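Asker: Here it is, the structure, as C-alpha cells.
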Amino acid sequence: MSALPELQTAFKQAVFGDGQTNATIESAIATGGLTAAEKVSIHRNNTFLTLTDSLTAVFPVVARLVGEEFFAATAREFIQRCPPRHASLLFYGGGFGDFLDGFAPAASLPYLGDVARLEWAWHEAFHAGDAKPLAADDLQRLAVESLGRLKLTPHPSAGLLISDYPTAAIWQANQSCDGDPETINLDAGGCTLLVIRPALDVEVRILKPGVHALLSVLISGGDLTQAHAGAVAVDENFDFESAIADLIGGGTFTSYFQGD
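Position one of the sequence shown corresponds to residue -15 (this note's numbering), numbered consecutively onward.
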C-alpha cells in the first residue's frame, strides 16, 4: 500500500478534482462487488451533496435569490475550488462571499457576495461563545484621565460589515419563503453593519458610518482616543459619548483594560 500522504492526496484529487481513480487509490480499496472507481464515485457524490446541503443551510438568502438549481451549480464550483480544510462543517463556507464576487455567472447580482458575507457573519455570531456583556456601571470607578487609553474587548460574536449595497434590507426581505420578497431599490445606497449575539438571538444592526469607524478601531485593538479620531475623521459632528453609551448598552463589549 502507498504511503498515507500519497494516498490522501490521490483520494482528494479524485473526490474534489476530476473524479478519476489511479493505481494508488485502487490498491487501497478492497476488491469485490463494485470497482474502485464506482466506490469513489459514490463517495464523491455523497460528499458534494453533503457540502451543498451545508452551504444551503448557512446561506439560505443567497440560495433564495438565485434559485435552487443555480445555487447547486454554484456550490459545486465552490466546493471544487475551495474544499473543506476543517473536520467540522461549522467552519465551511467562510470564503463563499469572496468566491461569489469573482463568479462570472453571478455578475448580474453584484450584491450577492455581500449578502453571503452577512449570512456568514450571522452564522459565526450564532456559534460564537457566550460572554457576559460589559455594563456602563463597570466603568464608573475609572479615573477620567485614564479613559483615553482604555481599550474595550469586543463580544466574541461581534462582526462588522460594510457594503456598497442595501445588503441588510435585501437580507431582511428574504427571511421568509412565503410569498414574493419585497423589491429593494439597489440605488438606496450602502450600509455599515454590526452582527452580534449579546444574549440568545443574533442581531443585525445598521450603524452610522461614524459608529462603524469607531467600532472598527476598537475591535482592531485601538484605544478610545484612537477610536474617537477614527470616528471624527468620518463624521466631524460625531457624538462620541452617546455612541459609546449605546454600544455598551447594546452588549457590544465584555471587558476593558488600559493600553500602553
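Think of the CB as a built atom: it goes at the ideal place given N, C-alpha and C, for glycine as much as any other residue.
Note that the structure is a prediction, hence the values are computed from the model and not measured.
1. Nearest to S72 by alpha carbon, out of L134, D98, G86, T34?
2. Classify G174 as helix, strand or coil using the three-state DSSP reduction.
3. Under the three-state reduction of DSSP, which class applies to P44: helix, strand or coil?
4. Measure from the alpha carbon of A211 to the alpha carbon of each residue in L202, A90, D219, then state which is nearest.
5. Would you mind giving the Cβ-Cβ distance between V186 and F110, rounded to the nearest angstrom? I have them listed as a contact below 8 Å.
6. Beta-carbon within less than 8 Å of G3's beta-carbon, same chain only, minus the 5 sequence neighbours each way: which residues are those?
7. Report the CB separation of R48 from N158 in whole angstroms; it is logged as a contact under 8 Å.
8. Using a threshold of 8 Å, state whether the C-beta atoms of H107 and L144 are closer than that.
9. Who are the near neighbours of F224 in its chain, counting only those whose CB is closer than 6 Å to its CB and skipping five residues on each side?
10. Judging by CA-CA distance, which residue of S147, I232, W104, G51 is the nearest neighbour of D249?
11. If I'm right that D98 touches S147 with Cβ under 8 Å, what's the distance once you round it to whole angstroms?
12. Do L93 and Y240 have their CB atoms nearer than 8 Å?
13. Apply the 10 Å Cβ neighbour rule to P(-11) and answer buried if 16 or more other Cβ atoms are within range, or exposed otherwise.
14. Which of the three DSSP states is assigned to D2 in this structure?
Answerer: Judging by the given coordinates:
1. Residue T34 is the option with its Cα nearest to S72.
2. The answer is coil: DSSP assigns G174 none of H, G, I, E or B.
3. Here P44 carries a helix assignment [DSSP, helix/strand/coil].
4. Nearest C-alpha to A211: L202.
5. About 5 Å separates the two Cβ atoms, so the contact holds.
6. Closer than 8 Å at the Cβ level, and outside the excluded window around G3, lie V24, S25, R28.
7. The beta carbons of R48 and N158 sit about 5 Å from each other, so the pair counts as a contact at 8 Å.
8. No, Cβ-Cβ distance for H107 and L144 is not below 8 Å.
9. H212.
10. Since the first and last residues shown for the chain are -15 and 244, residue 249 lies out of range.
11. Contact holds; Cβ gap of about 4 Å.
12. Their beta carbons are not under 8 Å apart, which means L93 does not touch Y240 by this criterion.
13. That one is exposed.
14. Here D2 carries a coil assignment [DSSP, helix/strand/coil].
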